[in-house]
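In my numbering, the protein residues as written are 684 to 857. The C-beta atom is built at its ideal place from N, Cα and C for all residues, glycine as well. See below for the structure under consideration.
Okay, here's the thing in structure tokens:
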């Protein structure tokens, strides 16, 4: 039995030695860079449609439309509205006018109008940053901004009958 004891003792010692394991850790970052972006949505813009007025009407004609903007949250931006494609003086928002759509009408073929930022129609909406553009800070979701229009005294230029139209370009700067 003396020989059995050292063997059993050796087996006992071997059973107390476990499999050696080691561990190490590290860290890593997960990243994304978000750059600011803005869009002005043409599909969501609504026309400013004054409807029909009598050629002798001296009452103001008011109408509303809208533009929709979406920018990255907390991005400051400005929305500018151009003078239109028929302005009396190029790029001068104070000379906005609609033109008669009939190419045969060559006299009395313009009707002056103005676009405003406010319901009271006192703040002209133009294209000069810091002066007459709409300035906001983004929330990250679509923001709809009303466009208030006015034709003051539609008969002032003795307009020819027919349909009148102008095209405005809305630009967002951020």
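Should residue i be labelled buried (16 or more other beta-carbon atoms within 10 Å of its own) or exposed?
i, result
"residue 782", "buried"
"residue 798", "buried"
"residue 767", "buried"
"residue 810", "buried"
"residue 711", "exposed"
"residue 734", "exposed"
"residue 730", "exposed"
"residue 775", "exposed"
"residue 851", "buried"
"residue 855", "buried"
"residue 794", "buried"
With DSSP collapsed to three states, give me the class of residue i.
i, result
"residue 777", "helix"
"residue 735", "coil"
"residue 829", "strand"
"residue 745", "strand"
"residue 799", "strand"
"residue 838", "coil"
"residue 727", "strand"
"residue 712", "coil"
"residue 807", "strand"
"residue 788", "coil"
Taking the alpha-carbon of residue i as reference, which of the options has the nearest alpha-carbon?
i, options, result
"residue 747", "741, 790, 711, 796", "796"
"residue 843", "713, 717, 720, 740", "740"
"residue 722", "745, 756, 733, 779", "756"
"residue 727", "818, 827, 847", "827"
"residue 742", "792, 852, 837", "837"
"residue 815", "765, 840, 848", "765"
"residue 817", "829, 825, 823", "829"
"residue 839", "761, 737, 715", "737"
"residue 788", "841, 771, 820", "841"
"residue 831", "848, 819, 821, 808", "808"
"residue 720", "714, 709, 760", "760"
"residue 769", "792, 754, 751", "792"
If you follow the beta strand (DSSP E) that residue i is in, where does it begin and where does it stop?
i, result
"residue 793", "793 to 795"
"residue 764", "759 to 764"
"residue 817", "817 to 820"
"residue 853", "853 to 856"
Task: Validate contact between the region 704 to 720 and the region 798 to 812 using beta carbons, cut 8 Å, 3 pairs - done: No, they do not touch.
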